[in-house]
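For reference, the structure discussed in these notes is given below.
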Amino acid sequence: MERILGIDTGTNSLGWAIVDKDENQYHLVAKGTNIFSEGVKIEKGIESSKAAERTEHRSVRKHYWRRKIRKIRLLTILSDNDLCPRLKHEQLRQWRLKKVYPTDDTFMEWQRTEDKAQVNPYKFRYICLTQKLDLSDITQRFILGRALYHLNQRRGFLSNRKEATKESEGTVKEGISSLSKDMKDSGCEYLGEYFYQLYQQGKKIRNHYTARKEHYLKEFKAICSKQELDDALIEKLEKAIFDQRPLKSQKGQVGTCTFEKGKSRCPSSHPLYEDFRMYSFINNIKVQVDTLYDKGERSLTDEEKQLIIPLFKRKSKRTFPFEDIAKKIAGKNNYCYIKSNEEKAYKFNYQMDTQVSGSPVNAQLEEIFGEDWLSSVCEVYTLANNKSRFQIMNDVWHVLFFYDDEDKLKEFAKDRLQLDDELAEKFSKISIPNDYAALSLKAIRKIMPYLRDYGLIYSEAVFLANLVDVLPQHVWGIKEMREAAIENVIDVMHSYDKNNIDGITLEGCVKTFLKERYQVSDDNLKKLYHPSMLDPYPRQRPNDEGVFQLGSPRISSVKNPMAMHSLFRLRKVVNLMLKKGYITPDTKVHIEFSRDLNDANKRWAIQTWQRENEKERERCRKEIEKYIASPSDTDILKYQLWEEQNHKCLYTGDEIRITDFLGDNPKYDIEHTIPRSAGGDSTKMNLTLCSSRFNRDEKKTKLPAELVNHDEILERISNWKEKYEDIDKQIRKISTKGATSKEDKDSKIRRRHYLILQRDYWRGKYQRFTMTEVPEGFSRRQGTDISVISRYARMYLKSVFKQVYIVKGIATSDFRKMWGIQDEYAKKERVNHVHHCIDAITIACIGKAEYDKLADYRHQYDDYLFQGKTKPTFDKPWPSFVIDIKHIQDELLIAHYAKDNLEKFTKKNLRGKDGRIIRDKFGNKLQMKGDTSRNSLHNDKFYGAINHEGEIKYVYRTNIEALDAKSIGNIVDPTVRSIIESAIAIHGSLKAAINKGIWMNEEKHIPIKKVRVFRNDVKKPIELKDQRDLSDKDYKQHYYVTNDGNYMMLIFSKLNNKGREIRQHVVINSLEATEVIKSHKRSQVGKVVWESYYSKEGFDLIYKLKSGTMILLYENNRDEVWDLDIRNLQKRLYIITKMKYDGRIYMMHHQEAREKKDLEEKSGSFKINEDYRPLIVNSYNQFNALVQDLDFEINDLGEIRRLI
């Protein structure tokens, strides 16, 4: 009897099943489902990382903090030099540490602006630029100080050369360039001068992209020069205003090398890696020759390799088709693919349209220094003393990789590489990719000699790469003996027979030879590299109780937090099974790997689709080269989108010329149809070519359906709809025709798969323009993460289990259908968490025999689909399989894991006064615990309080674009409300009205941009903190926020004089609970509240309820639950999802997988034999249940144990 564990991994679920298999059938032993949070935030169907949300808020806080520190530093200098009203250092210290802002009358007056009195910082900047001030006059000194303080507040965008290719920066730089042009056209040399001109004309100043160096630093230097400030003061001011902290290094986030443990992966921009990649590819080329002087299959000769190396060193081509290589070697029209039926003298093992990676960094360096660029650099490098060629190469590359300032790069080129101005400019423009290789530089250096000097293929070169650490020193240290040893190992590898009788692997042969010939120890043999080496989990040993347990899944290869969370849950479940003896290391494990299992016909369709896309890209490249010399990948993509759109902007309808999107400062750029913030990806299906202005000012983060001119947009893409509908007709036509032969049948199937790819592309592109909201799970994250989880879960499980096999997701789907538990074309039901368990049972029952049957079934199914034969059937794993599967939900208790982050406070490394990290005597970092919780304590929006007709009401400020029909009626100012309502009545909708402009005073061009709105449902907000400047009205002295969630409900009980139960309840929100936890333990939250409120009144604490707590409902008494069988017990198992201040408790059935918004709330106490209620709402007086961890325990396998 063979025992098998089936696992269905997901981002928020884990289904498992244990089966025993005898010769003929399977037997179900145990099963279950474990549900946990998926580690992402989902709002209105939009997924976002919780960590990213925390990071975003933390970044905003840090931004404000650094901005405040910058102001304080500048004010210190200004105050000390009488350029602003005198401030004591203690006042600035209080502002920095305690947020107490200086409120001296003279200081507040110095900052104040007043349009009527022409007191404006733009005017002060203009005066400082155009007039020499009398700095002996304190008033004029204050004008200079105010101008400098304004520069500090608006210091512009600092360009980073390494980020220059990012799309977001392209938009910024376009805006900066446009502003510079407007300044020049208006005759203004400096930004302050231009903005003051706009101010005088009553035009808008804000929302311009500005550059730090080009605009603000230039103006700062002009002001200092005009006012003749001394150099020492200028240096202090410049540092205070313009210094920026370097970005935090992300080096620690780079993965580690496959071969060299602890070594980071090499950036793909390193020149040595480019050579490594080039030789790896060249050495793998095989050519079948049929000429008068040469016949047979062989590798490239040294002469042929030298002939094609220049193809890799082309600056204009980061990638190029393999046909370039074939043409260089064989000549024009004298080559083809090795499997082609064409009669050609040269046949290669690569398709002609295969894209080959070039060496762009080496190419750019050769353009500056010549073909042997490294030798040229070695001759002129001023820091070359006693450095090797490799060290000098590293120096040059480090500068290119780490310098983010072009000016510093030019300076290095001139001073250290002795280049003239023209070449130094070229050197500063060298662009480098930002991705990483799979190997470290150390490993690459070891492998390179065997690729370059010996011409070995990658897998052979890897075997030899670490011989330096394997062979004895007396062998490796002598050149002749070293070279002989290398040749001997190469001979062993080339003479290896894969079909040898003994079944010895190539690795085994090499190790045996080294051990016998050179007496290499077993420990040294372990140091040999192997091409298939991964980052394995260490093999686990039994613990003190003799039980095998999975270790921590955390390894450097897995950076995905969602995947890691799932692996930790897998560890919990599997370790419990091992501990209970349900499984052993001999148990065979099947785990689902949810990638498509393509058959030969579908693979052909995908490959054909990809090849045609590459050909299309190459055609576009050639067209673009008529206009610009070296088109980038972005240029090619723009050209493709341009053609798809028939040379028109889909949003504005304007004609687009090719010069509008190519070259510097394009008017049209790439935009995402579904914004990335809403879950949109960056695939071509989600991209269009759009007016940069429209994208920036109008579309922003909206869906196309939210735009005023949506109907016009749909008219412009009607041809897309016609295209995919026409393709869909072709697909249906093919599926209804029979086939007369296998070749005919395969041809039709391939054609059908290919058309489906085309249809899905155009349909997906069109439907993105019709979406009114982004459906949940729209982003591709879900499927990607499952694949990552399954791949690493297999590696992880191999640390304990001897046999771990991957089951593809598409195979699981096919077997479900074949075994009759899912209809052929039905979408899998996901309304019940039981489906994860059903999948796990299916996965457990899929073995080699089933895969063989699957292959036969596919042929039979094709015959059924195309030739009208009988629909095939499939044997079930056991006779009652379908019936048993249908009854699983009656006997399955779903285990839910609810994470409590409230008591997880921040931790930081303890640092000394010098900023260095303090360690203990063992070298471990000492950490200090902060007092800030990692949980969300309240909602983000702040509210204000106003006295409206004698009643305190709460209001918020919002952009008019965010208004809806309900909120328009709640606008506070009746005049503003009336204007907006009138505009809507005139133009038909709010969108149309905003598009035309809603004016507070149209004559003076004063638009309505923001409004205050009543929030009538906010009755008792949380008083978060006091305002900085306190009003004389009590209700205006606080910042108000709404509650983001209740942490706990406490229910108290006592008997009155008549013996009847009286209950009271207290709901504790997250903010209140955090305050208690900071001074007490989490377990004492209920006790603290009980002692504070109810202990003196004779109440007993009977329930402590939290979201995520599981409960067993009862009607009459607690003991009735324990007399039930599993079928009736599962009907009473619920999980608490929400608690409200008024005492309502929301409970969802443990198997329910639908969203709460799709469920009907049903109130009332639990009754025996009642109908199934997916979502129950009870008041605290109606609530009767056994509570998890108080009355019972439910483990990760879904097994319940009574506690009291």
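Using UniProt numbering, the letters of the sequence shown map in sequence onto residues 1 to 1204.
A virtual CB, placed ideally from N, CA and C, is assigned to each residue, including glycine.
Everything numeric in this text was worked out from a predicted model, so none of it was measured.
Item	Value
Is there contact here, the stretch 930 to 942 with the stretch 1168 to 1176, by at least three beta-carbon pairs under 8 Å?	no
Could you tell me how far apart the beta carbons of ILE176 and ALA211 are, in whole angstroms, since I believe they sit closer than 8 Å?	5 Å
Quick check: PHE844 and ILE309, are their CB atoms within less than 8 Å of each other?	First, the amino acid is wrong: residue 844 is Ala here, not Phe. No. Outside cutoff.
Smallest Cα separation from LEU456: which of TYR766, GLU367 and PHE281?	PHE281
Under 8 Å between the Cβ atoms of ILE1194 and ALA895?	yes
Let me check understanding here. Comparing Cα to Cα, which of LYS479, ILE478, MET393 and LEU471 lies closest to VAL489?	LEU471
Do ALA945 and TYR1039 have their beta-carbon atoms positioned less than 8 Å apart in this structure?	no
Over the uninterrupted beta strand (DSSP E) stretch that includes PRO360, give me the two end residues.	No beta strand (DSSP E) contains PRO360, which is instead part of the alpha helix (DSSP H) from 360 to 369.
Looking at C-beta atoms only, is the number of pairs between the stretch 119 to 138 and the stretch 188 to 196 that lie closer than 8 Å three or more?	yes
CB-CB under 6 Å to ARG318, same chain, minus the five flanking residues each way: which ones, in chain order?	GLY358 and PRO360
Taking the C-alpha atoms as reference points, what is the distance between GLN351 and ARG298?	17 Å
Can you tell me whether DSSP reads ASP1026 as helix, strand or coil?	strand
Considering Cα atoms alone, identify which of HIS63, SER459 and SER521 is closest to HIS494.	SER459
Do ILE444 and TYR273 have their C-beta atoms within less than 8 Å of each other?	yes
How is GLU193 classed by DSSP in three states: helix, strand or coil?	helix
According to DSSP, LEU417 sits in a beta bridge with which residue or residues?	Beta-bridge pairing links LEU417 to no other residue.
Going by beta carbon distance, what residues of the same chain come within less than 8 Å of ASP275, once the five residues before and after it are set aside?	SER359, ASN362, MET448 and ARG452
Excluding the 5 residues preceding and the 5 following residue 1213 in the sequence, name in chain order all residues of the same chain whose CB lies nearer than 8 Å to its CB.	Nothing in the structure corresponds to residue 1213, since the chain is present only between 1 and 1204.
Using only the alpha-carbon positions, how far apart do SER735 and TYR724 sit?	Confidence is the limiting factor: at SER735 the pLDDT is only 49, short of 50, which leaves the residue's position unreliable and the question unanswerable from this model.
Among the residues of its own chain, which have a CB less than 8 Å from the CB of LYS295, if the five just before and after it don't count?	VAL289
With C-beta atoms as the reference, is ASN1043 less than 8 Å away from ILE1068?	no
Count the CB pairs spanning the stretch 790 to 805 and the stretch 536 to 551 that are closer than 8 Å, and state whether there are at least three.	yes
Would you be able to state if there are at least three C-beta pairs under 8 Å between the stretch 1009 to 1018 and the stretch 947 to 961?	yes
Of all the options LYS429, PHE390, ALA840 and THR906, which has the alpha carbon lying nearest to the alpha carbon of ASP404?	LYS429
Taking the Cβ atom as the reference point for each residue, do ALA17 and ILE846 lie within a distance shorter than 8 Å?	no
Using the beta-carbon count (16 or more within 10 Å), is LYS908 buried or exposed?	exposed
Under three-state DSSP, which class holds ASN613?	helix
Hey, how far is the Cα of ASP654 from the Cα of GLU214?	32 Å
When burial is assigned at 16 or more other CB atoms within 10 Å of the CB, is HIS1065 buried or exposed?	buried
Report yes or no: do the stretch 687 to 705 and the stretch 973 to 987 share at least 3 C-beta pairs separated by less than 8 Å?	no
Is the stretch 410 to 420 in contact with the stretch 434 to 442, if contact means three or more CB pairs nearer than 8 Å?	no
If you check the beta carbons only, do LEU650 and ILE713 fall under 8 Å apart?	yes
Can you say whether ALA962 is buried or exposed, counting buried as having 16 or more other CB atoms within 10 angstroms of its CB?	exposed
Would DSSP call HIS833 helix, strand or coil?	coil
Any idea what DSSP makes of LYS1138, helix, strand or coil?	strand
Measure the C-alpha to C-alpha separation of TRP720 and GLN610 and round it to an integer number of angstroms.	20 Å
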